[in-house]
Amino acid sequence: CKLTKLGGYSWDNGRLYYTAEALKAFGLMSMTEEDGHEFLALHKLYWFAIPRDDLFVIGTIWNQSVVPCAERPCSGIVSSFGQRLGGVAGGNRRIQVTFNVPRTQRYPEENCYEGR
Numbered sequence: 010c011k012l013t014k015l016g017g018y019s020w021d022n023g024r025l026y027y028t029a030e031a032l033k034a035f036g037l038m039s040m041t042e043e044d045g046h047e048f049l050a051l052h053k054l055y056w057f058a059i060p061r062d063d064l065f066v067i068g069t070i071w072n073q074s075v076v077p078c079a080e081r082p083c084s085g086i087v088s089s090f091g092q093r094l095g096g097v098a099g100g101n102r103r104i105q106v107t108f109n110v111p112r113t114q115r116y117p118e119e120n121c122y123e124g125r
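If you're matching positions, the sequence shown starts at 10 in this note's numbering and goes up one per residue.
Written as structure tokens, this is what we have:
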């Protein structure tokens, strides 16, 4: 509720988005692999350990939305987001792909399960 008042969200054509500033405030990062695929990453806290290797991928970026994926350690270049992320409020959390995709193009969830 407070984030709405502080400008942490933006509403555009019936879609709700987190602003890039809000994503930074939550500690969410963007990770880009060598092949150009972009992922959502965050720091995982271990309360009684020295932080190291604590960045984990938890989702695939697809346009301005995030598709959940299996958690795995980061393996690419990490930076702050320069775009907003979101989508239809209360909508389906999985992307339904209904068009033909060439064999060389991968669906977003395939990127997370390769175990790189």
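All C-beta atoms, glycine included, are put in the ideal place defined by N, C-alpha and C.
Since the model is a prediction, treat every value here as computed from it, not as a measurement.
Where residue i falls: helix, strand or coil (DSSP)
i	result
Ala-34	helix
Ala-29	helix
Asp-63	coil
Trp-56	coil
Ser-89	coil
Glu-42	coil
Gly-68	strand
Ile-104	Because the pLDDT of Ile-104 is 42, which lies under 50, any placement of that residue in the model is unreliable, and the number read from its coordinates should be weighed accordingly. Ile-104 falls in the coil class under three-state DSSP.
Nearest-angstrom beta carbon gap, residue j and residue i [assumed within contact, 8 angstroms]
i	j	result
Glu-42	Ser-84	6 angstroms
Ile-67	Leu-51	6 angstroms
Gly-36	Thr-28	With a Cβ gap of about 15 angstroms, Gly-36 and Thr-28 do not count as contacting.
Burial state of residue i (16 or more Cβ within 10 Å)
i	result
Gly-95	buried
Ala-34	exposed
Phe-57	exposed
Arg-97	Note that residue 97 is Val in the sequence shown, not Arg. Burial call: exposed.
Host beta strand (DSSP E) of residue i (start-end)
i	result
Cys-83	Cys-83 -> no beta strand (DSSP E), and no H or E assigned at all.
Gly-96	94-97
Best match in the options for proximity to residue i [C-alpha to C-alpha]
i	options	result
Met-38	Asp-62, Gly-91 and Arg-24	Gly-91
Gly-45	Ile-70, Arg-93 and Pro-82	Ile-70
Ile-86	Ser-19, Trp-20, Leu-49 and Ala-31	Leu-49
Ser-74	Ser-19, Tyr-26, Asp-21 and Trp-20	Tyr-26
Glu-80	Gly-23, Ser-88 and Phe-65	Phe-65
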